[in-house]
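For the sequence shown, our numbering begins at 1304 and goes up steadily by one.
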Amino acid sequence: DQLISEMKQKNVRLDIYSYNIWLSAQEFKGSAEGMEHVLEQMKLDLTIDPEWMKFSVMASFYMKLGQIEKAEDCRVWRLYKSKFPKVPNWGYHKLISACIRSGDIEGA
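Structure below.
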């Protein structure tokens, strides 16, 4: 957080890598609120496309915390399909796994 604050104070633009590191740091700290904040900042930054993977990371983290409802909110199947018409196998597998973990067998 300190490094990101310093970068912002010095008008250093955050790129996708900065956001990824920031998001990972929040996950490592176990901070759902911190991760949500980073994701919101990414959404506000018009130069950044919060890739579907970020939502997948959030969904997995919520599952670990037992916050099933929030995990379901992160499911991005429709968004994923619209951005990736040819679904890579590993991404497809991750989405199915998230559905199963949340108890949505029909969705899987």
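Glycine included, each C-beta is placed from N, C-alpha and C at the ideal position.
Exposure label - residue i; buried when at least 16 CB within 10 Å
i: L1349; result: exposed
i: Q1329; result: buried
i: V1315; result: exposed
i: Y1320; result: exposed
i: L1347; result: exposed
CB contact below 9 Å: residue i versus chain B
i: G1369; result: Of the protein chains in this structure there is only one, and it is not chain B.
Beta carbon of residue i nearer than 9 Å to that of residue j
i: K1357; j: L1326; result: yes
i: E1375; j: D1407; result: yes
i: E1339; j: M1361; result: yes
Endpoints, alpha helix (DSSP H) assigned at residue i
i: G1337; result: 1335 to 1347
i: M1326; result: The displayed chain sequence assigns Leu, not Met, to residue 1326. Here the alpha helix (DSSP H) through L1326 covers 1319 to 1332.
i: Q1305; result: 1305 to 1312
Three-state class that DSSP yields for residue i in the structure shown
i: R1404; result: helix
i: D1376; result: helix
i: I1351; result: coil
i: V1360; result: helix
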